[in-house]
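Chains as they are written, first to last, in the numbering used here: chain A, 1 to 285; chain B, 1001 to 1316.
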Amino acid sequence: MLALAITNGLVIGMIYALTALGVSLVVGIMNVVNFAHGEFYILAGYFSYIFAHTMGFDPFAAMFIAVCAVFLFGVLVEYTIIRPTYGDELYSLILTFILSIVLQNAYLLIFGPYPNKPPNWVSGATNVFGLFYYGNQRLAALAAGVAVIVLFFAMLKMTWFGRMIRATSQDREMAELNGINTKRLNMLSFGLGCALAGAAGVILAPVFPVTPTAGVPLALTAFVCVVLGGMGSMRGCIVGGLILGLVENLGAAYVSTGYKHVFMFIILILVLLVRPSGLFGRSEA
Amino acid sequence: MNRNKWLLSAAILAFALLPLGLGTYHQHILIVSLFYVMMAASWNLLAGYTGQVSFGHAAFAGIGAYASGILATKAGFNPWLGVMAGTMLATAFGFLVGLLCLKMGGIYLSLTTLAFSSILHIVINNEYEITRGTMGLQVPGLVAEYSKISYFYIFLVATLLVLGVIYRMVHANMGLNFRAVQNDERAAASLGVNVVRVRVMAFTVSSAMAGLAGALYGHYLLLVTPQIPSLDQQFLVLSMTVIGGLGSFVGPIIGAISLEILSEYIRAYGEYHVLFFGLVALTVARFAPKGLVGIYQSARERRMQAVAKTSPAVNR
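Laid out in structure tokens, this is it:
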């Protein structure tokens, strides 16, 4: 029971971390909290379902195309909606909140209220350390999530683009003085943030089928995760995501299933009371 | 000034006499409009005047509605006492959430209120023995004999009360403080404005108003469902304010009434009216961030300028 809850917690926590990374990236660079983040996650799930199920693509090709499509959609959203809001936190909050409701209702209109599930990558279950049987699809999701996170951090640390991202989130003006086109960087990193949500979406959709409103709780968790880890801190996201995943699943196993989502809000409130800048946050002057 | 007062009284009187000549369906629309006027105006007090975008406003209405409904059905309270208790509970929660967020800026408040509204939903759905979950809780009415007209006047009095308090607040010294906090928190603080107190105060008052509106609304519908504290409801209140004009006194009133009437007309198209609203709100928020009031003001300014250009004798 304990080992199963921990494994579940790790799988879910990794997905939380992946989703939160996208939020954190956008917060760090643009100081915009994207309230429609969960809807990008859902969109990727729907795309991979359409490409793999309806159009008969290979599931992996379908996933790749889905993430690319979500990236492009994110770039488009930045260009049309987010761009005029720079420097005005309230304005971007309101716009992305409206966007999230619009997208939810658009999904309802297009895909209907039924859950949609892209095909599994693998079938069967594995006996984990002789303790319990665990679905192979979930294990594969865990591996894929870890791979995406590692790739993302490698990009952040080793490439020129990653260096631009780090520079801009540290000091925007300095980065501009050094010749970084921050406008274009905004556009690309907003797209990248959405693509990270999309990656989480295609990885998790075979395990948890997508519905029009399924993105809301996930986005909320991602926000809690970002606050817990510290606004704009990438490392914080990973630690925060794993903590939330573990707390949620241990709480569900030992305290109450119906209230499993409340535990993370209790954590949020505690963080806000004790250390508002989060675990790895830079405290604001 | 005097002329304005006369005009205002005439407008209120005309509005008060309006339902007498209408059928019950149109009376219903007026009552729901008044509910949204209260919600949008009090949300505007928070978002438009102090710059705190709360996503938990509908949740506070839900607290008022559920508290009043549960007290009336389970504890046999008089519904009026229930409304009072519901308003007080919403006030208390508003104060606590306001305190929790007082150290942090805009984004934290939005996240915390969203989380608060989410917790409320989980509690309502899990405690279905008390709240009846999505089935909805049947509650008694406020008047012995159910009639739309009496509800209309109850809502009208409550709305005038809410609007009066808001008007007083934003036009008194406190309103100046509110705006100062919104425009530049640090500058306001340096000039001796107690930023934290202003924020918590605005949050508490607006939560109380949402609680009152929600409690009355529940007793009007006779059924309290999770629809009252839902995100969709929150979204409607937000769009009404944004479309009407964020940060202006009349904006939310215009937005709430016109959008409620509009939504009754497009209800024929099924569930998609939320999508339609969303697209309208997105367009307005993106291209005219000050809403209808802002459009009107800039049009008037342009006309003034045109007049000034054509007749240089008028020194305006």
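Even glycine gets a Cβ: it sits at the ideal position worked out from N, Cα and C.
The structure displayed is predicted, hence computed values, not measured ones.
- Cα atoms of S1147(B) and S1068(B): separation of roughly 20 angstroms, rounded to the nearest angstrom.
- Between the alpha carbons of G145(A) and N186(A) lies a gap of roughly 24 angstroms.
- Using a CB distance cut-off of 8 angstroms, T1112(B) counts as an interface residue toward chain A.
- At a cut-off of 8 angstroms between beta-carbon atoms, V224(A) makes contact with chain B.
- DSSP, read as helix, strand or coil, puts Q1138(B) in strand.
- Within the stretch 1113 to 1141 of chain B, L1114, A1115, S1118, I1119, I1122, N1126 place their CB atoms closer than 7 angstroms to a CB of chain A, listed in sequence order.
- The stretch 1159 to 1171 of chain B makes no contact with the stretch 1224 to 1236 of chain B, as fewer than three CB pairs between them are under 8 angstroms.
- The beta-carbon of G1106(B) is placed less than 8 angstroms from the nearest beta-carbon of chain A.
- Taking I180(A) as the centre and dropping the five residues before and after it, the same chain places the C-beta of M164, A167, T168 closer than 8 angstroms to its C-beta, in chain order.
- Separation of F35(A) and L1007(B) (C-alpha to C-alpha, rounded to the nearest whole angstrom) is 42 angstroms.
- When only Cα atoms are considered, G87(A) and Y16(A) end up about 27 angstroms apart.
- Within 10 angstroms of the beta-carbon of K1290(B) lie 16 or more other beta-carbons, which makes it buried.
- Taking C-alpha positions only, S1009(B) is separated from R1003(B) by approximately 10 angstroms.
- Beyond the five residues adjoining it in sequence on each side, G232(A) comes within less than 7 angstroms, by CB distance, of S24, V27, G28, S169 in the same chain, given in chain order.
- By the criterion of a C-beta distance shorter than 8 angstroms, P1019(B) is surrounded in its chain by H1026, Q1027, L1030, K1148, I1149, F1152, once the five residues flanking it on both sides are discounted.
- A distance below 7 angstroms between beta-carbons, with the five flanking residues on each side excluded, links V1242(B) to the following residues of its chain, in chain order: A1281, V1284, A1285, G1291.
- Assigned with DSSP and collapsed to three states, F265(A) falls in helix.
- In this structure, A1059(B) sits near S1117(B), with a CB-CB distance shorter than 8 angstroms.
- Linking V1250(B) to N31(A) through their CA atoms gives a straight-line distance of about 31 angstroms.
- A contact is defined here as three or more CB-CB pairs under 8 angstroms, and the stretch 1254 to 1266 of chain B fails this definition with respect to the stretch 1115 to 1130 of chain B.
- Per DSSP, the unbroken beta strand (DSSP E) holding G135(A) starts and ends at 132 to 135.
- Within chain A, I98, I101, V102, N105 have C-beta atoms less than 7 angstroms from the C-beta of G1278(B), given in sequence order.
- The beta-bridge partner set that DSSP reports for V1224(B) consists of L1137(B).
- Residues of the stretch 252 to 267 of chain A with a C-beta atom less than 7 angstroms from some C-beta of chain B are G258, Y259, H261, V262, F265, listed in chain order.
- Taking 8 angstroms as the cut-off between beta carbons, the residues of the stretch 1045 to 1078 of chain B near chain A are A1047, G1051, V1053, F1055, in sequence order.
- Remark: C-beta atoms of I81(A) and L95(A) approach each other more closely than 8 angstroms.
- Beta bridge pairing from DSSP links N116(A) with V210(A).
- Here the C-alpha atom of F1015(B) lies approximately 43 angstroms from the C-alpha atom of F111(A).
- The alpha-carbon of V1195(B) is positioned some 54 angstroms away from that of A52(A).
- Inter-residue distance for A1268(B) and G38(A) is about 30 angstroms (C-alpha atoms, whole angstroms).
- As the crow flies, the alpha-carbon of S277(A) is around 50 angstroms from that of K1005(B).
- The straight-line gap separating the alpha-carbon atoms of N1078(B) and L1216(B) is approximately 13 angstroms.
- Annotation: the continuous alpha helix (DSSP H) that includes K1148(B) extends over 1148 to 1171.
- By the 16-neighbour rule on beta-carbons within 10 angstroms, S1239(B) is buried.
- At a cut-off of 8 angstroms, the C-beta of Y1036(B) has no neighbouring C-beta in chain A.
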